[in-house]
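A quick write-up on the structure given underneath.
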Amino acid sequence: MERADVLKSQLIIFTDLDGTLLDQHSYSFDAANKALTSIKQRGYPLILVSSKTLDELQQLQQQLDITSPLVCENGAAIYWREDGKLCKQLFGPPRQQLLQEIHRLRQDYGYRFRGFADCSLEEISALTGLNNDDARRAAHRTFTEPLLWDDTEQRYLQFTEQLAARGFCIQQGGRFRTVMGDYDKGGALNEVKKIMGLERSVVTIALGDSPNDQAMLNNADVAVVIPSSHSKDIVITNPIQIIYAEKPGPNGWQQAMDQILLKYQ
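Quick look at the structure:
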């Protein structure tokens, strides 16, 4: 998308994926096709902001036929194209550094958890419902590590405190708890707006369904909360308008965007 087109845009839309734009089980966005078509016709930038990897998001961008910047691995990195070149802005330490710390903590304290690094491709496929090719893309991580926590919540709190002392944090997503550096989707939202040269008059929309979307939702003008098993834990304090969708996944996404697109037509 050319910068001149962006500056004319009235809205910029940031969206989480699993459980938000994508169905939690089938990963389909078909139920939101009507809104997606309207967004494209109006020239509104659609920014994918997800715990997914660069490989996964590039594939989804092709399916959606969009070329806007993307935010991968919960805000760890922004990728965009400029003059035909792939540019990037990185915010997190490399995954290998993170893995060394969490594996050392597991060895020292006996924590019970499984990360993607502990799993075979077949196990990741079984955990996520992805086929082997998509599971391979999901496993190709650069900054973060999704965990399945098999220990007590009391020991989880201890684990999070130990991570914080080492400069890391852990966020709850739709399926996994993800260990990551000191960054979030909200910071990435603001950086994307700078990269795209957006004027303050542009209205920022954000849609999400989990606590790892909270910072993004609170940095938007309009926050859309999609219902999920974890959406009740999201605390919204800052946006001008809050929309609570009635339906989960892409059905709720379509419902909320119907309301927004009608207001800003």
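Residue 122 in numbering that gives the first Met the number 0 sits at position 123 of the sequence shown; the count goes up by one each step and never skips. A virtual CB, placed ideally from N, CA and C, is assigned to each residue, including glycine. Quantities reported herein were computed from a predicted structural model and do not represent experimental measurements.
*So who's on the other strand from V221, going by DSSP bridges?*
Partner(s): I204, Q240.
*Since V223 contacts I194 with CB under 8 angstroms, what's their CB separation in whole angstroms?*
That belief does not hold up - the Cβ atoms of V223 and I194 are roughly 23 angstroms apart, past 8 angstroms.
*Do you know offhand how far L146's Cα is from G173's?*
Approximately 12 angstroms between the Cα atoms of the pair.
*Rounded to whole angstroms, what's the CA-CA distance from A138 to L35? Just pull it up for me.*
Across the structure, A138 and L35 are spaced so that their CA atoms are roughly 28 angstroms apart.
*Compare the Cα-Cα distances from L216 to each of H229, P226, S200, N237 and report the closest residue.*
In terms of CA proximity to L216, N237 leads the group H229, P226, S200, N237.
_Inter-residue spacing [alpha-carbon to alpha-carbon] between E245 and L16_ = Each residue's alpha carbon lies about 17 angstroms from the other.
_Pull the bridge partners of P247 from the DSSP assignment, please._
In the DSSP secondary-structure assignment, P247 is not bridged to any residue.
*Meets three-Cβ-pair contact criterion under 8 angstroms: the segment 54-74 and the segment 29-44*: Enough Cβ pairs lie closer than 8 angstroms, so yes.
*A30: which of D107, G42, A255, Q99 sits nearest, CA to CA?*
Closest by alpha carbon: A255.
*Coil, strand or helix - R165 by DSSP*: If DSSP states are grouped into helix, strand and coil, R165 belongs with coil.
_Does R111 come out as helix, strand or coil in the three-state DSSP assignment?_
The three-state reading of DSSP puts R111 in coil, since its state is none of H, G, I, E or B.
*Find the nearest neighbour of E110 within the set C86, P92, R140, Q153, judged by alpha-carbon distance.*
Looking at the sequence itself, residue 110 is Tyr, so the reference to Glu does not match. Closest in alpha carbon position to Y110, among C86, P92, R140, Q153, is Q153.
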